[in-house]
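Report on the following structure.
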Amino acid sequence: MTPAVRTPDTASHPADGQDPLHYAEFERGVHAHHAGAAGHHEDRIAITAPQTTADPVARFNAPSRPDPDAANALLHNHGWHALTTWEYVPGMNLYRARVEPLRPYITAAQDAVHAVVQDGSTRTLATLDQALCTMPVNALDDEADLALHTALRAVDRAHNADEWNLLATMGQSLASLSKDTPEAYTTVSTHPTVHAVLMLVAHCSERSTQHEHGTSARTAWEHALCKGTEAFSMLLAVLSMQTPASSMEEPRAALEAAVRRAIPRAALDETRYALTEAARAYHV
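Numbering (the working numbering), first residue to last: 1 to 284.
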């Protein structure tokens, strides 16, 4: 899980349905008129998307005639990123480079964060990991780069958390509970469903202690622990034949939802911070 490093070698034409190609065109000595002022010549950079429109999608003045590094810095300060070196186009008397906007990387990662919030799962976490990995690190400063890699490690931990398997085991065990005959409930302590729920509750308790008091991750795990305790109490009532097996449906769903929210909580916090830092570094 290494974020993308954009180099000239990565510049390729997109497939159908992908974003259009963008180019930065550095024009020297363009004659310009401004209201209330005499005409003069200025250097400027225009962003074009020739596949979609003949008009520039962005344009900004260059304070001087910059070298390639200065031109790239100027692009960066306006939320754009050079993908290729600058090449002179003789017939048009300008320099051109393939570029891309940086804002879509932030937007894609934010959408992935929202998906994890709505549906905590290994699938949505994998999508978030992919979104973070595509972010160009050579457009980040040191602080933003560190935050991004910290977030990636947190997402990886959440994706590989043991609790996903424990959730699956609990679900399978509870699914078979309604098929059991009352005689199967006789030895409550050895019933497989008891072990499955207890294991998950124990993990919730352990996870909560791994985070500082007052953090959203600790709060999420403590909430999951509370729901686990409620589910376990109901399970004992079912196994003691005090209530039907269908009574487990609501506490089981509440426990599962709480755990699915708790597993990625720390990763989401790290990711949100990383995206804030990336947006600052990307100037978007």
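Every residue gets a Cβ at the ideal spot worked out from N, C-alpha and C, and that includes glycine.
No experiment lies behind these values; they were computed from the predicted model shown.
The continuous alpha helix (DSSP H) containing L132 extends over residues T122 to C133. Counted as a single uninterrupted DSSP element, the beta strand (DSSP E) harbouring W80 occupies residues W80 to A82. The distance from the Cβ of A196 to that of S173 is about 4 Å, consistent with a contact at the 8 Å cut-off. It is roughly 17 Å from the alpha-carbon of A281 to the alpha-carbon of A131.
Fewer than three pairs of CB atoms, one per stretch, sit closer than 8 Å, so the stretch 205-222 makes no contact with the stretch 232-240. Distance from the Cα of M248 is smallest, within the candidate group M170, A82 and L225, for M170.
In this structure, the beta-carbon distance from A49 to E25 does not fall below 8 Å. For A97, the enclosing beta strand (DSSP E) starts and ends at L94 to P101. Within the same chain, Cβ atoms closer than 6 Å to the Cβ of W221 are found at C204, R207, S208 and A262, the five residues on either side in sequence being excluded.
Remark: C-beta atoms of Q51 and L21 approach each other more closely than 8 Å. Rounded to the nearest whole angstrom, the CA to CA distance from S216 to Q110 is 18 Å.
Per DSSP, the continuous alpha helix (DSSP H) segment holding E250 begins and ends at E249 to A262. Where E212 is concerned, there is no enclosing alpha helix (DSSP H), because DSSP gives it neither an H nor an E. Nearest in C-alpha terms to T276, of all of A158, V113, L225 and V117, is V113. For the pair A274 and T150, the CB atoms are nearer than the 8 Å cut-off.
As DSSP reads the structure, D119 sits in no beta bridge. Apart from sequence neighbours up to five positions away, the residues of its chain that approach F60 with a beta-carbon distance below 8 Å are R44, I45, L74 and H78, ordered along the chain. In the three-state reduction of the DSSP assignment, D67 falls in the coil class, being assigned neither a helical nor a strand state.
With respect to A97, W86 sits close: the two C-beta atoms are nearer than 8 Å.
Leaving aside the five residues that flank M1 on each side, the residues in its chain whose CB is nearer than 7 Å to its CB run, in chain order, D129, C133, L152 and D156.
The shortest CA-to-CA distance from Y105 to any of K227, P3 and A258 is the one to P3. The C-alpha of R252 lies about 40 Å from the C-alpha of A279. In the structure shown, N61 falls within a strand segment according to DSSP collapsed to helix, strand and coil.
With fewer than 16 other CB atoms across the displayed protein chains lying within 10 angstroms of its CB, A202 is exposed.
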